[in-house]
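Participant: This note's numbering puts the first residue of the sequence shown at 1060, with every later residue one more than the last.
I'd like to ask some things about the structure below.
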Amino acid sequence: MTNSRVLLPGADVGDGRPVTLGVMGGGQLGRMFVQAAQAMGFATAVLDPDADSPAGLISHHHIRSAYDDPAGLAELARLSDAITTEFENVPAQALATLAAQRPVAPAADCVAIAQDRLTEKAHFVRSASTGGVMPAPHAGIENAAQLAAVPDELLPGILKTARMGYDGKGQVRVKTRTELADAWGQLGQVPCVLEKLMPLRAECSVLVARGADGQCVSYPVQKNTHHDGILAITEVHDNAIDPTLARRAQAATQAIAAQMGYVGVLCVEYFIVDDGQGGLDLVVNEMAPRPHNSGHYTQNACDISQFEAQVRALSGLPLRKPVQHSPALMINLLGDLWFDANGVRAQSSEQPVTPPWAEVLALPGAHLHLYGKRSARHGRKMGHLNITGANIAAVRDSAARALALLGLPALDA
Ligand code: ATP
Ligand code: MG
């Protein structure tokens, strides 16, 4: 079902039940969606098997079932007036089942495209003719014949599993055909895509929110720095990205969303590369059919956060173009900090130590967001720190001091 009806927050749906928004998945993105929905007066329902899921802990309803459990899905549909998802690996069939009963956004078809790097890249190529940009040169490897047929110009490259990759997992860098064959074996000979290694100058991402009526609004372009394949820092201010490239990235993201009739919040990641002629070019990397880690700065720096935009798109409420009212920088807070406080590395077997939040929150413009996860682990996303300020110099000054307090690497110049 598509949502032709506007769901008004706080309205009574008839049987004394308040209008309720449902979400598949109870991780941090689901939690921040729930917080935005509740702030506006919606009730919420979360489906996640984990009793301690960050979103389940704070939702009006928490259905503890597997994502493909028919009884759990029926209960989510019964409780919810419209349903969204917070992660792309939700079974597309589960979304299709829900969509037979309730409005679901984004649609199962769109989520299915983003679940597989091969269908995702085919979608990018299709969208390139309507204002999108091309992905890196690549080839699908699903069998030995395709492995043998890989053109030499894709090496050196990165072999990525077609499905289920995140935070740099399921990826191997390869320089030669022998390394490629070994890497494919190491990844279990599952369907993969080999991408040419691109000469990255920077990485950026763009969020858009698109309504059922086709109206689409863009956020400013986010500049992203990764450490060990995981997003570490996002910066958003006027000088972060070349303005011509930024406009192209926003237009490309709108084209990618429109090409699949997308409804909801979509984030598309791009590489900024040398164009070989002394200039810069844009290459599309991948997309997330949901709010994105790189968009967390919107919570404190924009008049409409990416989670509020998700609520508005799902409920059919107006989508206004978001306005960024402050330059911003986001620092991801991984579980490592709990074992590495003040530069003293504890063993993971040791008791975790709470990072020095009081000192961090004494810094001008610091906004702490923790996800309520019960235990810290290395590499686990525990929260993020948004920093806002009157100008980017003030923001970077607070960020530099926060990074030092947390024992994290300093910002690039
Ligand atoms: P996530 O879902 O957390 O964004 P992921 O596991 O899906 O990550 P990618 O975004 O495909 O992985 O790749 C992770 C990082 O590896 C990229 O942000 C980029 O820094 C680097 N990378 C990926 N593909 C290429 C490429 N073709 N050329 C150069 N660098 C690349
Ligand atoms: Mg990525």
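Think of the CB as a built atom: it goes at the ideal place given N, C-alpha and C, for glycine as much as any other residue.
1. Do the CB positions of G1227 and F1146 come within less than 8 Å of each other?
2. Assuming T1447 and A1387 make a contact with CB atoms under 8 Å, what is their CB distance in whole Å?
3. How would you call N1401, buried or exposed, if buried means at least 16 neighbouring beta carbons within 10 angstroms?
4. Could you tell me whether any non-hydrogen atom of the ligand ATP is closer than 7 Å to the CB of H1285?
5. Hey, would you say the C-beta of Q1274 is under 7 Å away from at least one heavy atom of the ligand ATP?
6. Measure the alpha-carbon distance for A1203 versus A1173 and round it to whole angstroms.
7. Can you give me the start and stop residues for the alpha helix (DSSP H) that T1315 sits inside?
8. Mind checking whether L1373 and A1164 have CB atoms under 8 Å apart?
9. Using the C-alpha atoms, what's the distance from S1457 back to A1159?
10. Label R1076 either buried or exposed according to how many other C-beta atoms from any shown protein chain fall within 10 Å of its C-beta, with 16 as the threshold for buried.
11. With respect to 7 Å, is the separation between the Cβ of Y1225 and the closest non-hydrogen atom of the ligand ATP below this value?
12. Following the continuous beta strand (DSSP E) through S1186, name the residue where it begins and the one where it ends.
13. Mark Q1410 as exposed unless 16 or more other C-beta atoms lie within 10 angstroms of its C-beta, in which case mark it buried.
14. Under DSSP, the beta strand (DSSP E) around L1325 begins and ends at which residues?
15. Just mark S1353 as buried or exposed, buried being the case when its beta carbon has 16 or more other beta carbons within 10 Å.
16. Short check: CB of A1360 to CB of S1385, under 8 Å?
17. Enumerated in chain order, which unbroken segments of the beta strand (DSSP E) with a length of 3 residues or greater are wholly contained in the stretch 1108-1148?
18. Just to confirm the assignment, what range does the beta strand (DSSP E) spanning M1441 have?
19. With T1235 as the anchor, note down where its beta strand (DSSP E) starts and where it stops.
20. In the DSSP assignment, the alpha helix (DSSP H) including S1457 goes from what residue to what residue?
21. If G1392 sits next to L1464, beta carbons under 8 Å apart, how far is it from one beta carbon to the other, in whole angstroms?
22. Mind listing, in chain order, the continuous beta strand (DSSP E) runs of no fewer than 3 residues lying wholly within the stretch 1204-1244?
23. Using the three-state DSSP reduction, which class does N1401 fall into: helix, strand or coil?
24. Roughly how many angstroms separate the alpha carbons of H1121 and L1304, rounded to a whole number?
25. Which ranges would you report for the alpha helix (DSSP H) in the stretch 1335-1378 if only whole runs of at least 4 residues count?
26. In three-state DSSP terms, what is R1269?
27. Report yes if the C-beta of G1115 is less than 7 Å from at least one heavy atom of the ligand ATP; otherwise report no.
28. Where does L1088 sit, in a helix, a strand or coil, going by DSSP?
29. The ligand ATP and I1217: does any heavy atom of the ligand fall closer than 7 Å to the residue's C-beta?
30. Any contact of the stretch 1280-1298 with the stretch 1240-1248, i.e. 3+ C-beta pairs under 8 Å?
31. How is A1425 classed by DSSP in three states: helix, strand or coil?
32. Would you say the stretch 1272-1285 touches the stretch 1305-1320, given that touching needs at least three Cβ pairs under 8 Å?
33. I'd like the ranges of any beta strand (DSSP E) spanning at least 3 consecutive residues and lying wholly in the stretch 1269-1297.
34. Please report the distance separating the alpha-carbon of L1132 from that of L1376.
35. For the ligand ATP, is there a heavy atom less than 7 Å away from the beta-carbon of L1266?
36. Does the ligand ATP have even one heavy atom less than 7 Å from the beta-carbon of L1259?
Facilitator: Here's the rundown:
1. Mapped onto the sequence shown, residue 1227 falls at position 168. Mapped onto the sequence shown, residue 1146 falls at position 87. Cβ distance not < 8 Å, so G1227 and F1146 don't count as in contact.
2. Along the sequence shown, one-based indexing puts residue 1447 at 388. Along the sequence shown, one-based indexing puts residue 1387 at 328. Their Cβ separation, rounded to whole angstroms, is 5 Å, which keeps T1447 and A1387 in contact under 8 Å.
3. Taking the first residue of the sequence shown as 1, we reach residue 1401 at position 342. Model confidence at N1401 stands at a pLDDT of 48, short of 50, so the residue's coordinates are unreliable; what they give is reported in the following sentence. Label assigned to N1401: exposed.
4. Working through the sequence shown from its first residue, we reach residue 1285 at position 226. Yes - the ligand ATP has a heavy atom lying nearer than 7 Å to the Cβ of H1285.
5. Stepping through the sequence shown from its first residue, residue 1274 is reached at position 215. No, since every heavy atom of the ligand ATP falls outside the 7 Å radius drawn around the Cβ of Q1274.
6. Position 144 of the sequence shown, counted from the start, is the residue given in the question as residue 1203. Position 114 of the sequence shown, counted from the start, is the residue given in the question as residue 1173. Near 25 Å, if we compare the C-alpha coordinates of A1173 and A1203.
7. As a working mapping, residue 1315 is identified with position 256 in the sequence shown. Sequence check: residue 1315 is Ile here, not Thr. Per DSSP, I1315 belongs to the alpha helix (DSSP H) from 1302-1318.
8. By one-based count along the sequence shown, residue 1373 stands at place 314. By one-based count along the sequence shown, residue 1164 stands at place 105. In contact: L1373 and A1164 (Cβ atoms closer than 8 Å).
9. Here residue 1159 refers to the residue found at position 100 of the sequence shown. Here residue 1457 refers to the residue found at position 398 of the sequence shown. Taking the straight line from one Cα to the other gives about 49 Å.
10. The sequence position of residue 1076 within the sequence shown is 17, counting from 1. So R1076 counts as exposed.
11. As a first step, residue 1225 must be located in the sequence shown, where it is residue number 166. Checking the Cβ of Y1225 against the ligand ATP gives yes.
12. Locating residue 1186 in the sequence shown gives position 127, where the first residue counts as 1. Unbroken run through S1186 is the alpha helix (DSSP H), 1176-1187; no beta strand (DSSP E).
13. Indexing the sequence shown from 1 puts residue 1410 at position 351. Exposed is the call here.
14. Position 266 of the sequence shown holds residue 1325. 1323-1333 is the extent of the beta strand (DSSP E) around L1325.
15. The sequence position of residue 1353 within the sequence shown is 294, counting from 1. Looking at its Cβ environment, which holds 16 or more other Cβ atoms inside 10 Å, S1353 is buried.
16. Locating residue 1360 in the sequence shown gives position 301, where the first residue counts as 1. Locating residue 1385 in the sequence shown gives position 326, where the first residue counts as 1. Against a cut-off of 8 Å, the Cβ pair of S1385 and A1360 comes out as a contact.
17. 1120-1122, 1141-1144
18. If you number the sequence shown from 1, residue 1441 lands on position 382. Note, M1441: beta strand (DSSP E), 1440-1447.
19. Here the question's residue 1235 lines up with position 176 in the sequence shown. For T1235, no beta strand (DSSP E) run applies, since DSSP gives it neither H nor E.
20. Working through the sequence shown from its first residue, we reach residue 1457 at position 398. Run containing S1457: 1451-1465, per the alpha helix (DSSP H) assignment.
21. In the sequence shown, the residue the question calls residue 1392 occupies position 333. In the sequence shown, the residue the question calls residue 1464 occupies position 405. In the sequence on display, residue 1392 carries Leu and not Gly. Their Cβ separation, rounded to whole angstroms, is 12 Å, which puts L1392 and L1464 out of contact at 8 Å.
22. List check, beta strand (DSSP E) in window: 1216-1220, 1230-1233.
23. As a first step, residue 1401 is located in the sequence shown; it is residue number 342 there, counting from the start. Residue placement at N1401 cannot be trusted, given a pLDDT of 48 that sits under 50; what the coordinates show is reported in the next sentence. N1401: helix per DSSP, three-state reduction.
24. Here residue 1121 is taken as the residue at index 62 of the sequence shown, counted from 1. Here residue 1304 is taken as the residue at index 245 of the sequence shown, counted from 1. Between H1121 and L1304, the C-alpha separation is close to 43 Å.
25. 1357-1360, 1365-1374
26. Here residue 1269 corresponds to residue number 210 of the sequence shown, with the count starting at 1. DSSP places R1269 in strand when its eight states are reduced to three.
27. Translated into the one-based positions of the sequence shown, residue 1115 becomes position 56. For the ligand ATP, not one heavy atom lies less than 7 Å from the Cβ of G1115.
28. The residue labelled residue 1088 in the question sits at position 29 within the sequence shown. In the three-state DSSP reduction, L1088 falls in the helix class (H, G or I).
29. The sequence position of residue 1217 within the sequence shown is 158, counting from 1. Answer for I1217: yes, Cβ within range of the ligand ATP.
30. No: fewer than three Cβ pairs fall under 8 Å.
31. Taking the sequence shown and counting its residues from 1, one reaches residue 1425 at position 366. Strand at A1425.
32. yes
33. As far as the stretch 1269-1297 is concerned, its whole beta strand (DSSP E) runs of at least 3 residues are 1275-1277, 1281-1286, 1289-1295.
34. Within the sequence shown, residue 1132 is the residue found at index 73, counting from 1. Within the sequence shown, residue 1376 is the residue found at index 317, counting from 1. Looking at the two C-alpha atoms, the distance is approximately 25 Å.
35. Here residue 1266 refers to the residue found at position 207 when the sequence shown is read from its first residue. No, the Cβ of L1266 stays beyond 7 Å of every heavy atom of the ligand ATP.
36. Numbered from its first residue, the sequence shown carries residue 1259 at position 200. Checking the Cβ of L1259 against the ligand ATP gives yes.
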